[in-house]
Amino acid sequence: MATEESRLSPSGVLGGDASRHGSITELFADEVVTKAIARDVELPYGAGTAVLITLDNGHDHTKPNTFGPGGLLSLDAAIEAAKARTDIVAVAVTGKPFIFAVGADLTGVPAIQNREQAEAIGKLGHDVFRKLGELDVPTFALVNGAAMGGGVEVALHCTYRTVSSGVPAFALPEAFLGLVPGWGGTYLLPNLIGAEKALKLIVDNPLAQNKMIKGEKVFEMGIADAIFAPADFVEESLRWTAKVLKGDIEVERAEVDKGEAWDNAVNMARFVVEGRLHGAAPAPARAVELVGAAKTATRDEAFDAEDQALADLIMSPELKAGLYAFDLVQKRAKRPAGAPDKSLARKVTKVGVVGAGLMAGQLALLFARRLDVPVVMTDLDQDRLDQGVAYVHGEVDKLLAKGRVNQDKANHLKALVTGSLTKDAFADADFVIEAVFERMDIKRQVFAEVEAVVSPEAILATNTSSLSITEMASGLRHPERVVGFHFFNPVAVLPLLEIVRGEKTDDASLATAFAVAKTLKKTSVLCKDAPAFVVNRLLTLFMGEVLSAVGEGTEPEVADRAVAPLGLPMSPLMLLQLVGPAVGLHVAETLHEAFPERFAVSPQLKAVVEAGRTEIFAPDLTIDPEVKELLKGGDSPSEEKEILDRALRALAKEIRLMLDEGVVAEAADIDLCLITGAGWPFHTGGITPYLDKVGVSTEVNGKPFHEGAPQAL
Amino acid sequence: MSRTAREVVFVDGVRTPFGKSGKGLYAETRADDLVVRVIRELMRRNPGLPPERVDEVAIAATTQIGDQGLTLGRTAAILAGLPRSVPGYSIDRMCAGALTAATTAGAGISFGAYDVVIAGGVEHMGRHPMGEGVDPNPRIISEKLVDPSALVMGNTAENLHDRFPSITKERADAYAVRSQEKVAKAYADGRIQPDLVETLVRSAEKGFGLATQDEPPRPGTTMESLAALKTPFRAHGNVTPGNAAGLNDGATGTLLMAEEVAEELGLDAKMRLVDFSFTGVEPEVMGVGPVPATEKLFARQGISIDDVGLIEINEAFAVQVLAFLEHFGIADDDARVNPWGGAIAVGHPLASSGGRLMMQLARQFAERPDVRYGITTMCVGLGMGGTILWENTNYEGGK
């Protein structure tokens, strides 16, 4: 125990804080410690001796370096040892092969019990990292590989930075998860490259599906002072280091505009964040304010402010939801609950797509690109068929123009996708998916025709959004090969695939469906054959409550913004326009038929569809006056708060019913569906953590969805 | 079609510092990464050479397995970032790998098929010990084609002592001590360093580091310290780790081109490849190989050892160098021979060593405009010798 204590407070460098660090170290009992390994290097050109610190957690690149308390203290010890020396001219920090460091170790965060512990983590990071900027000798970050969050901040604290042109990902993703770059990032980055560019990394990119930048861009943005090829990156960085030390290279950086430009950038970011989130997630707004303050704050003030922000955010339910959501998409999505053993999956060497419409075209392109097998589209009409194939070929040309594929690959993809007027072309296909008109009789007819030509094992998949798989399969000779394979539009953007098991679907067919989904790089969730499965059922319900309020006399604008406090990617009426009022109505009718007591069919929506309107909003994003007229309803309008409340209550009730019915295995699967199929945000953790947080789950169902913190696995 | 042979010149050479195999500098560093560093440095040092003008990358390795396999010349060219249009291949003539890369690719230049080549070699004897994965044909033993001792290089060195009884262990040790002294002095005079490119080394335990100088030399080696060493190949034998090269890791690269192309590109031609010769001897005394190889070359060129002012001979074993010197009537401590020391001190990463001989000879030529000819020569496992005759482009003797 004594040795353990001494390990946690190396040479007392962190003074009276040792006990505090000890306590947070315990929270991170399972920390994979990233060690800071120091070694002397003789710099070229007789520039002297430098200490080269390698960050390495002892694993290969599949388990990247992160910073927990143990890692921070290891780095501290290495820096302190260098500080004590008088025979060195510089300290350089680099990562293990392919990885610099990807930020804070978040595994211990759920165990944090109080604000004091949360604040201690922020302070410890600052206490250690800032020394890199406050040594007597210059410090150099050699960013050799992926760098995120705290990894980027280590680099920012250094006096100089080089970056490898091979760095695949460089980002400050904190705001995406529910944090701020709180180990110096919000102060150092804007003071290095200006507020506008800094906010791009700190706020814009995290809000844009957590976009990352590459090495070239890091240099272009002025974050790194020099860029070198990966082949001998560290050697050339050390040569550059030597030249800088000897004065042979003078590092020039663009001057940071600390005037109006700074304020304008902050104001703009504030406006964008408010418009996107309506206060639903505190982190991005907090990050913007920190950048705003960084214009005039001293180092100490700025770092203190970051500590406070981190402490607040670490304790926030939005962060807990964010970490849960992160685990859903990173971990749960990789092992779909209820999927049969993958060894049962059959090989798919050719794919058939019934139909040549827009959806069929998107599917054909996806199958050709990811499965790399021939894909045949069929349609009864030569013109439609030609158009369908031409659409796919046109999309391939777009990929070619963007440089995403080369000419050979484009030729290959085009050759893979062909059209046929008859279904004979499916004879040797192992997987046939239909994307024809959403009517049971038509789909059954199509499957019967396909079954007549394919082998008995060939999978028959349907992209239906609401029809019963079991019913569709009935009457076939081999109903066990039918699976639901429900994509979300736009197919290339939304990762979710609802895989639906019919009553007779066998394990081999289901396993094949999951294997195909994986090759398509989709997130698959196993659903029971229940009306509209998961996403459409919940979105239709949610939108139904908004439309009901409109029907009762609430102004459409009021009803539409009533749910804004959730911070969804788009408003309900905007979503309705995107999917198309007719499709929305069709799904609503299906669900009304199944559950008349909970799913209403809005007469107003019906009127809009019957009037042939496909757009709800005018180009200026106000509601089209004619549509607004069609939406007019009763005379008992509701308050925004009431509408939000009824929508949340309806969701809580429906999700509980779905779990009781066994539509999916767990609440986590509902959330995974909403995040990956509807783009619902991380800060609500999909929806069930949010419903628990606001207490609606217990109010409606008598119990929350999660006992304690939500668990992704 | 008529053809005129073109003059081939050595323009530049560079190598990684050599490391000790096993737990040395490069214990956790890949062989191909060493080659890549060398190629990139050659290109960097010669900015006048457009990369697309390189017509071939010939890289030698004795054990062409793993990171020394996969058509290393081509792999290294790709990894080094040379244009895709630049081809490459692998070469194996054991210790004379880089030497053979230079003669083969160089001959291609003379023939007119290439303008510019990179020729080099690598051996990571830690990752790939000599003999890894070999499968000798059983006929070699059954038909007594090769004496079994021929497969262990140390045994062939002991055999050489048997053949030349005048070469005693004391003479071998004395030669080794001088080799260490000469390397130490050359280092102190800054003569070795210009050929080195500092190279990243990886260690999971110690972190990344930088190799900046050769690891094997043991300055301060004395007759007494050598006398205490064991003779691992034969009880009470003559060959010790002290009078032989060690097991080492390292890579070398040289830049050869047609003389007219060097002129066109404004690059400094340091020496001219005059002729080369490879000859076989009995495998069990492979160390004597340089003698017939050199004699054959001299005979063809009509010159003698007296015309040669500088001799870079690889020091796989002291006895093998001494056998060569004795044959040509050269004193053990003749100043023409390995003036900056040799492999006994600096190390011998098999297939890479020929490159080091060439780059050191080129630097000596630059300092010695009075010398017209020099040779680089090596003994080769399985009983061979190889010699290249070079002409100093700085020779001023005629003036």
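Protein chains in written order, with the working numbering: chain W, 1 to 713; chain C, 1001 to 1399.
Virtual Cβ for every residue (Gly too), placed ideally from N, Cα, C.
These numbers were taken from a predicted model, which means no experiment stands behind them.
Within 7 Å of any Cβ in chain C, is that where the Cβ of residue i sits?
{"i": "W:Leu232", "result": "Just to set this straight, residue 232 of chain W is Asp in the shown sequence, not Leu. Judged by the 7 Å Cβ criterion, W:Asp232 is in contact with chain C."}
{"i": "W:Glu734", "result": "Residue 734 of chain W falls outside the range modelled here, since chain W spans only 1 to 713, and no answer is possible."}
{"i": "W:Leu52", "result": "yes"}
{"i": "W:Glu557", "result": "no"}
Could you pull the DSSP bridge partners for residue i from this structure?
{"i": "W:His486", "result": "W:Glu498"}
{"i": "C:Trp1390", "result": "C:Leu1273 and C:Gly1374"}
{"i": "W:Asp40", "result": "W:Val51"}
{"i": "C:Met1257", "result": "C:Val1009 and C:Val1116"}
{"i": "W:Ile227", "result": "W:Val163"}
{"i": "C:Thr1103", "result": "DSSP, once it has assigned bridges, lists no residue as partnering C:Thr1103."}
{"i": "C:Arg1015", "result": "C:Leu1196 and C:Thr1252"}
{"i": "C:Glu1312", "result": "C:Thr1376"}
Does the Cβ of residue i have 16 or more other Cβ atoms within 10 Å, making it buried, or fewer, making it exposed?
{"i": "W:Asn144", "result": "buried"}
{"i": "W:Gln209", "result": "exposed"}
{"i": "W:Gly150", "result": "buried"}
{"i": "C:Ser1225", "result": "exposed"}
{"i": "W:Arg481", "result": "buried"}
{"i": "W:His486", "result": "buried"}
{"i": "W:Asn406", "result": "exposed"}
{"i": "C:Phe1111", "result": "exposed"}
{"i": "C:Gly1341", "result": "buried"}
{"i": "W:Phe100", "result": "buried"}
{"i": "W:Leu421", "result": "exposed"}
{"i": "W:Glu119", "result": "buried"}
{"i": "C:Thr1252", "result": "buried"}
{"i": "W:Ala448", "result": "exposed"}
{"i": "C:Arg1372", "result": "buried"}
{"i": "W:Glu174", "result": "buried"}
Using a Cβ-Cβ distance cut-off of 7 Å, determine whether residue i contacts chain W.
{"i": "C:Asn1394", "result": "no"}
{"i": "C:Gly1013", "result": "no"}
{"i": "C:Leu1322", "result": "no"}
{"i": "C:Arg1040", "result": "yes"}
Just to confirm, is the Cβ distance from residue i to residue j under 7 Å?
{"i": "W:Ser466", "j": "W:Thr590", "result": "yes"}
{"i": "C:Gly1190", "j": "C:Val1281", "result": "no"}
{"i": "W:Ala111", "j": "W:Leu27", "result": "yes"}
{"i": "C:Tyr1175", "j": "C:Asp1332", "result": "yes"}
{"i": "C:Ala1245", "j": "C:Ala1316", "result": "yes"}
{"i": "W:Ala224", "j": "W:Val163", "result": "yes"}
{"i": "W:Pro637", "j": "W:Val608", "result": "no"}
{"i": "W:Ala665", "j": "W:Ala337", "result": "yes"}
{"i": "W:Arg115", "j": "W:Ala311", "result": "yes"}
{"i": "W:Ala33", "j": "W:Gly95", "result": "Note that residue 33 of chain W is Val in the sequence shown here, rather than Ala. Not a contact, by the Cβ cut-off of 7 Å."}
{"i": "W:Val389", "j": "W:Ala410", "result": "no"}
{"i": "W:Ile616", "j": "W:Leu568", "result": "no"}
{"i": "C:Asn1159", "j": "C:Val1319", "result": "no"}
{"i": "W:Thr464", "j": "W:Ala294", "result": "no"}
List the residues of chain W that residue i touches, going by C-beta distances under 8 Å, in chain order.
{"i": "C:Ala1204", "result": "Asp56 and Gly58"}
Would you mind telling me which residues of chain W sit closer than 7 Å to residue i, beta carbon to beta carbon, in chain order?
{"i": "C:Ala1080", "result": "Ala231"}
{"i": "C:Glu1198", "result": "Pro44 and Glu235"}
Please list, in chain order, the chain C residues whose beta carbon lies closer than 7 Å to that of residue i.
{"i": "W:Val41", "result": "Gly1209 and Leu1210"}
{"i": "W:Ile37", "result": "Lys1206 and Gly1207"}
Identify the contact partners of residue i in chain C, using a Cβ-Cβ distance below 8 Å as the criterion.
{"i": "W:Thr94", "result": "Phe1208"}
{"i": "W:Leu238", "result": "Glu1198 and Leu1210"}
Please compile the residues from chain W whose C-beta is within a distance smaller than 9 Å of the C-beta of residue i.
{"i": "C:Arg1037", "result": "Ala231, Asp232 and Glu235"}
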